[in-house]
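Structure first, commentary second.
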Amino acid sequence: MNKKIFIYTALIVFGAALGAAGYYFYTRGAFGNKVSSPENGINQKTETTQKRKVLYWRAPMNPKEIYDHPGKSNMGMDLVPVYADASGETGVVSINPVIQQDMNVKIATVKSGLLNAEVFTNGILQPDEQKEYVATTKIGGWIEKMYINYTGQKVYKGDKLIKIYSPELVAAQEEYLTALAYDNAMKTTGAKTNLIKNAVRKLELLDVSDAEIQHLKETKKVRKYIVLTAPFNGTVLYKGVEEGAKINRGTPLLKIANLRSLWILADIYEYELFKIGLGDQVLVTFDYLPGKSYKGKVSFIYPTLDTKTRTIKVRIVLPNPKGELKPGMFASVDIKGKSLGVYPLIPEQAILRSGRVNTVIIALGGGKFKPAQIELGAYSDGFYQALSGLQAGTKIVTSAQFLIDSESNLRAALSGFSGADTTEKMSEGEMKNMDKNQKNGKTVISDKKLESELIRKGVIDLKAIDKNGDGKLYQDIMDWNVISDKPATCPICGMKLREFSIEQVKKNLKDHGFSYR
14 MNKKIFIYTA LIVFGAALGA AGYYFYTRGA FGNKVSSPEN GINQKTETTQ
64 KRKVLYWRAP MNPKEIYDHP GKSNMGMDLV PVYADASGET GVVSINPVIQ
114 QDMNVKIATV KSGLLNAEVF TNGILQPDEQ KEYVATTKIG GWIEKMYINY
164 TGQKVYKGDK LIKIYSPELV AAQEEYLTAL AYDNAMKTTG AKTNLIKNAV
214 RKLELLDVSD AEIQHLKETK KVRKYIVLTA PFNGTVLYKG VEEGAKINRG
264 TPLLKIANLR SLWILADIYE YELFKIGLGD QVLVTFDYLP GKSYKGKVSF
314 IYPTLDTKTR TIKVRIVLPN PKGELKPGMF ASVDIKGKSL GVYPLIPEQA
364 ILRSGRVNTV IIALGGGKFK PAQIELGAYS DGFYQALSGL QAGTKIVTSA
414 QFLIDSESNL RAALSGFSGA DTTEKMSEGE MKNMDKNQKN GKTVISDKKL
464 ESELIRKGVI DLKAIDKNGD GKLYQDIMDW NVISDKPATC PICGMKLREF
514 SIEQVKKNLK DHGFSYR
């Protein structure tokens with residue numbers, strides 16, 4: 014019995030020893046897999062974190078809300094660390110895919126192509142000025158007979174228009190006949206005179222033709238009337254006299270126009286004028302004839318600008334052989350503009366503007382983004398030409414780029430401190446101030462920066478800020494009381510200030526609770 018107890022006891026002791034040994038070797042990694050205790054796990058995580066330098070922590074939805082320690086943002090969201098090795102160059106921003114989705118980041122690929130050079134505008138039909146005739150006379154007198162009875166009457170080349178009685182014409186003819194008689198009398202004596210030449214010249218100045226002068230010489234009959242005739246086929250647009258009326262020399266009597274060819278004068282805004290050239294094809298439609306279109310060409314671009322409407326007149330020649338179109342009609346004009354060349358095309362919403370600087374956010378891949386300055390060319394239908402700074406195939410951000418640009422500027426601003434390590438670039442006083450600000454939910458910025466003259470306090474005097482008097486100011490869209498008279502960068506968040514009119518600046522200040530005058 015004692016022997017059995019001894020054996021059982023020995024087995025129990027041996028099992029306990031074996032278990033202790035196994036635990037010992039297992040925890041020491043003797044089997045090739047070291048198992049970390051909870052405490053070791055914490056140390057390992059700390060060790061990994063220490064390998065990457067944390068520049069700062071920021072709010073996921075507000076890049077300007079930054080902290081020097083982890084925690085919660087003003088919106089109650091977990092702060093996101095920004096690491097020193099997150100990008101290899103200044104201005105590059107790394108964004109977690111989940112945060113990209115929260116920010117609604119949209120990316121598009123830049124493609125090369127032709128801008129739409131079509132220009133849609135309106136115009137008014139009017140007669141061809143080169144095919145108009147105003148009937149007038151160089152002599153005074155009375156209207157003996159009107160062959161034209163009403164405005165709009167059709168006339169043909171050679172048709173009689175007006176019969177005029179003129180005592181002045183009668184006197185000139187009689188003077189010519191007298192000169193002929195006197196000249197014949199002088200021939201018998203051998204004397205020569207210039208009376209005939211002078212009399213003929215006077216008749217010519219009164220628009221008496223050579224044939225009529227010769228007829229007068231042969232018949233010796235004085236013509237009391239002068240008859241005006243139509244120089245071409247046309248339509249009477251104006252009738253200014255009636256039978257029996259007394260007229261003076263130079264009085265407009267009738268206006269005739271050939272309406273088989275009409276002009277359209279279309280208004281083109283100055284920013285679209287570069288699309289248009291002489292000879293461009295034009296498609297014209299009228300409410301008068303729904304579903305029917307007419308083809309024409311740009312024949313002339315007027316040399317002056319209407320300063321009130323900021324438009325330039327463009328002349329379009331439109332054939333009208335059937336007479337369907339009438340002067341004064343309102344026309345819808347579609348001008349097929351000239352080719353603008355092949356360039357990378359950028360959506361308008363992808364462009365960040367700050368004064369004269371235009372920026373887009375390039376998606377580098379792997380959640381990394383970088384701002385790039387570009388030179389813009391022509392604009393049409395929501396797209397700009399990229400003359401430089403961007404190539405076809407580049408991926409750019411078309412939404413939420415303001416947040417990314419803000420973060421990029423902030424990164425660049427922080428990396429600008431002197432010293433070897435970014436986290437050590439702030440002085441001890443600035444770090445203390447940064448911690449103090451975080452307790453109040455404020456952005457981590459030094460007092461020195463907050464004292465910048467661009468940060469307006471109290472009642473903001475906008476007229477005093479607008480020193481050049483151009484009615485425009487630059488304002489930060491995150492810190493609305495940061496205002497400048499010229500392009501600048503916000504001393505708080507590092508963003509480039511955006512240009513606004515003074516009226517818009519007032520509205521922005523009012524909407525965000527600032528006082529101004």
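Read in order, the letters of the sequence shown are residues 14 to 530 in the numbering used here. Idealized CB from N, CA, C, for every residue including glycine. Computed from a predicted model, the values in this text were never measured in an experiment.
When the beta-carbon positions are compared, A130 and L353 come within less than 7 Å of each other. Counting only unbroken stretches of 3 or more residues, the beta strand (DSSP E) elements lying wholly within the stretch 109 to 169 are 119 to 122, 124 to 127, 131 to 140, 145 to 148, 154 to 159, in sequence order. Linking N494 to V93 through their CA atoms gives a straight-line distance of about 27 Å. In the pairwise beta carbon analysis, the stretch 104 to 124 is classified as not touching the stretch 256 to 264: fewer than three pairs are separated by under 8 Å. Y80 has its alpha-carbon roughly 27 Å from the corresponding atom of D524. Partner residues in the beta bridge of W70, as assigned by DSSP, are Y80, P94. At a cut-off of 3 residues, the continuous stretches assigned as beta strand (DSSP E) that sit fully inside the stretch 216 to 247 are 238 to 242. The three-state secondary structure of P360, taken from DSSP, is strand. Here the alpha carbons of E145 and K252 stand approximately 14 Å from one another. DSSP places F299 in the strand class (E or B) of the three-state scheme. Between the C-alpha atoms of D300 and E337 there is a straight-line separation of about 13 Å. Here G379 is exposed. Its C-beta has fewer than 16 other C-beta atoms within 10 Å. For the 7 Å CB-CB criterion, V330 and S306 do not form a contact. Contact between the stretch 163 to 177 and the stretch 186 to 200 is absent: fewer than three C-beta pairs spanning the two stretches fall below 8 Å. Taking a contact to require three or more Cβ pairs closer than 8 Å, the stretch 362 to 379 and the stretch 319 to 333 do not qualify as touching. In this structure, DSSP gives L193 a helical state, which the three-state scheme calls helix. With contacts defined as CB atoms closer than 7 Å, V346 and G153 fail to qualify as a contacting pair. Beta-carbon to beta-carbon, D293 and G350 are separated by about 6 Å, close enough to satisfy the 8 Å threshold.
Boundaries of the alpha helix (DSSP H) harbouring A477: 475 to 478, taken from the DSSP string. Beyond the five residues adjoining it in sequence on each side, Y96 comes within less than 7 Å, by CB distance, of R65, K66, V67, L68 in the same chain, given in chain order. Cβ atoms of A501 and Y487 come within 8 Å of each other, at about 6 Å. A184 carries a helical assignment under DSSP once its states are collapsed to helix, strand and coil. DSSP places K173 in the uninterrupted beta strand (DSSP E) bounded by 173 to 178. The three-state secondary structure of D492, taken from DSSP, is coil. The stretch 215 to 232 makes contact with the stretch 175 to 189; the number of CB pairs closer than 8 Å reaches 3 or more. Under DSSP, the beta-bridge partners assigned to Q294 are K310. Non-local C-beta neighbours of V168 in its own chain, meaning closer than 8 Å and more than five positions away in sequence, comprise I161, L174, A243, N246, G247, T248, V249, I269, ordered along the chain. Going by beta carbons, E466 and K485 fall outside the 7 Å limit. Classified as exposed, N211 has fewer than 16 neighbouring CB atoms from the shown chains inside 10 Å of its CB. Note that the C-beta distance between Y529 and I473 is below 7 Å. Following the DSSP letters along the chain, one finds D524 inside the alpha helix (DSSP H) bounded by residues 515 to 524.
Sequence-distant Cβ neighbours of N333 in its own chain, meaning closer than 8 Å and more than five residues away, are L272, R273, S274, L275.
Secondary-structure assignment with DSSP links G402 through no beta bridge to anything. Note that the C-beta distance between K381 and S86 is not below 7 Å. In the DSSP annotation of this structure, the continuous segment of the beta strand (DSSP E) that includes G378 starts and ends at 370 to 378. Looking from the CA of K480, the closest CA among I496, I120, D489, D196 belongs to I496.
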